[in-house]
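**Student:** Here you go, one structure.
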Amino acid sequence: VSTWLNDTSFDNRVFIISGQAGMEYKKNLTSKLSGQEGKMLDDMNIKGLFSVLLEEPFANIPDPGRHILIVIDALDESQQKERYEFVNLITNHFHKFPRFIRFLITSRSEKDIALKFQGLNPMFLKPDDERNLNDLRLFFKDKLKTTVDHASREELVKTLVDKSEGLMLYASFVCKLPDDNFIKSNIENLPRGIEKIYESYFDRLEKELKILGIERKLFYHY
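Per my numbering, residue 5 is the first one in the sequence shown, and the count goes up by one each step.
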């Protein structure tokens, strides 16, 4: 991501997979929200919010001599109607943003989203992309740096990357485990993929709720 963001020779201005927009953006946005428009945000549709929060504040920012990154996280988790409208806004109005603005978008791999962005010549980073897998290797190596045996560490890293299925979220869960020795001694029992981790979390939660005398139906109600 850092290579793409800082290399001005890249034609790809959208990276589909937080940054700080700088003081000028903050100044422009604060100015707009301190007036009547700030009070109207709750009543605005997506197009209005896009204009007030992104398009207009960035329109008058001088080139800072570096790229400014806008992160749109979990695009696929928005409601379908709003998702289409938001994606259309980005693709139809992207040319109005200064050249130093770049977007980093995270989403599940969905064809409708990918097709919408084709006109912007985006870079796609899929879970099985070697660049992504290498990031995971580096992440796990750093996590397991206290493991003395180099051969053991390399084998652990290989297994963990395989179990992660290319998801950094999986790696973050592993990070929360007690220590390297715990990971090493339980490597075969670690679940494969993020869905299995969620299942194990909910199974444990259900057991804890039973101990507390809380029925599943009551829990789901809240």
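The beta-carbon is built from N, C-alpha and C at its ideal position, and this holds for glycine as well.
Compute the beta-carbon to beta-carbon distance between residue 191 and residue 178, rounded to the nearest angstrom, for a pair I have assumed lies under 8 Å.
**Tutor:** Not confirmed; about 10 Å, so no contact.
**Student:** Let me know if residue 167 comes out buried or exposed under the rule of 16 or more other beta-carbons within 10 Å of its beta-carbon.
**Tutor:** Label assigned to residue 167: buried.
**Student:** Please state if the CB of residue 61 and the CB of residue 104 are separated by a distance shorter than 8 Å.
**Tutor:** Against a cut-off of 8 Å, the Cβ pair of residue 61 and residue 104 comes out as no contact.
**Student:** Going by DSSP, name the residue or residues bridged to residue 173.
**Tutor:** For residue 173, which the question treats as bridged, DSSP gives no partner whatsoever.
**Student:** Would you report the Cα separation of residue 7 and residue 135, rounded to the nearest angstrom?
**Tutor:** In a straight line, the C-alpha of residue 7 is about 12 Å away from that of residue 135.
**Student:** Leaving out the 5 sequence neighbours to the left and right, which residues in its chain are closer than 6 Å to residue 112 when beta-carbon positions are compared?
**Tutor:** Within the same chain, residue 112 has close Cβ partners 80.
**Student:** If we call anything under 8 Å between Cβ atoms a contact, is residue 198 one with residue 181?
**Tutor:** Not a contact, by the Cβ cut-off of 8 Å.
**Student:** Hey, could you find the ends of the alpha helix (DSSP H) residue 215 is sitting in?
**Tutor:** Counting along the chain, the alpha helix (DSSP H) containing residue 215 begins and ends at 197-215.
**Student:** Could you have a look at residue 16 and say whether DSSP puts it in helix, strand or coil?
**Tutor:** Residue 16: coil per DSSP, three-state reduction.
**Student:** For the segment 114-124 and the segment 137-149, state whether three or more C-beta atom pairs, one from each stretch, are separated by less than 8 Å.
**Tutor:** At 8 Å Cβ cutoff, the stretches do not touch.
**Student:** Look up residue 106 in the DSSP assignment and say whether it is helix, strand or coil.
**Tutor:** DSSP places residue 106 in strand when its eight states are reduced to three.
**Student:** Give me, in chain order, the residues of the same chain whose beta-carbon lies closer than 8 Å to that of residue 95; leave out the 5 immediate sequence neighbours on both sides.
**Tutor:** Hits under 8 Å: 120, 121, 123, 124.
**Student:** Roughly how many angstroms separate the alpha carbons of residue 33 and residue 214, rounded to a whole number?
**Tutor:** Rounded to the nearest angstrom, the two C-alpha atoms are 49 Å apart.
**Student:** Would you check if the distance between the CB atom of residue 170 and the CB atom of residue 131 is smaller than 8 Å?
**Tutor:** It is a contact, given that the beta carbons lie within the stated cut-off.
**Student:** Evaluate residue 208 with the Cβ neighbour count: other Cβ atoms within 10 Å of its Cβ, from every protein chain shown; 16 or more gives buried, anything less gives exposed.
**Tutor:** That one is exposed.
**Student:** Would you kindly work out how many angstroms separate the C-alpha atoms of residue 144 and residue 189, rounded to a whole number?
**Tutor:** The straight-line gap from Cα to Cα measures roughly 16 Å.
**Student:** Look up residue 137 in the DSSP assignment and say whether it is helix, strand or coil.
**Tutor:** DSSP places residue 137 in helix when its eight states are reduced to three.
**Student:** Exposed or buried, residue 106, counting other C-beta atoms within 10 Å across all chains shown (16 or more means buried)?
**Tutor:** Per the 10 Å Cβ criterion, buried.
**Student:** Are the beta-carbon atoms belonging to residue 161 and residue 148 less than 8 Å from one another?
**Tutor:** Contact flag set, yes.
**Student:** Buried or exposed for residue 91, going by 16 or more other Cβ atoms inside 10 Å?
**Tutor:** Answer is buried; the Cβ neighbour count reaches 16.
**Student:** Output the distance between the C-alpha atoms of residue 217 and residue 150, rounded to the nearest integer angstrom.
**Tutor:** Rounded to the nearest angstrom, the two C-alpha atoms are 41 Å apart.
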